[in-house]
Amino acid sequence: MKSNIGDLAARFGLPAHVLRHWEQMGLLAPERSTAGHRLYGEADAARIVLIQLAKEAGLSLEQTRRLLTDARDRQSRRDLYAAHAETLRRRIAAAEAALALVEHAAECDADDFTTCPHLAAKVAGRL
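With my numbering applied, the sequence shown corresponds to residues 1 to 127, in that order.
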């Protein structure tokens, strides 16, 4: 059974304009009724899930479009994923460093955390 844009958007907790935007970007290509209304099937719903998974993985919509439109280009796909994996590694390392700093600051025995030797070393390392 086919769904209209409002029903499908609601199914995924999205505003309808998001599906229109994804269509404009080439991520979705719904059928049209004789009156020109968008009609979405289960293949479209599965595509929305793929787009959402890509977003959750931190991929941009443009990267997602390239992956979905060039799905059979294995090398291009591998290159894109490898580059994105490196970006994620950098983000994870930065988040882990931030977490370590926050956890240390929360447990620091210094009366004034700005005098903490650990923090002072961090500051000095950036000067």
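Every residue, glycine too, gets a C-beta built ideally from N, C-alpha and C. In this text, all values refer to a predicted model and were calculated from it rather than measured experimentally.
For residue 35, no alpha helix (DSSP H) run applies, since DSSP gives it neither H nor E. A straight-line Cα-Cα distance of about 35 Å links residue 101 and residue 50.
Residue state for residue 76 is assigned as helix, using DSSP reduced to three classes. For residue 117, the enclosing alpha helix (DSSP H) begins and ends at 117-126.
Under the three-pair Cβ rule at 8 Å, the segment 68-76 does not count as touching the segment 33-41.
Remark: C-beta atoms of residue 58 and residue 84 approach each other more closely than 8 Å. Shortest Cα-Cα distance from residue 122 to any of 19, 98, 61 and 45 involves 98.
A straight line joining the alpha-carbon of residue 77 with that of residue 23 spans about 21 Å.
According to the DSSP assignment, residue 71 belongs to no alpha helix (DSSP H), since it is labelled neither H nor E. About 12 Å separates the beta carbon of residue 61 from that of residue 19, a gap too long to meet the 8 Å contact definition.
Residue 92 is classed as exposed because its beta carbon has fewer than 16 other beta carbons within 10 Å across all chains shown.
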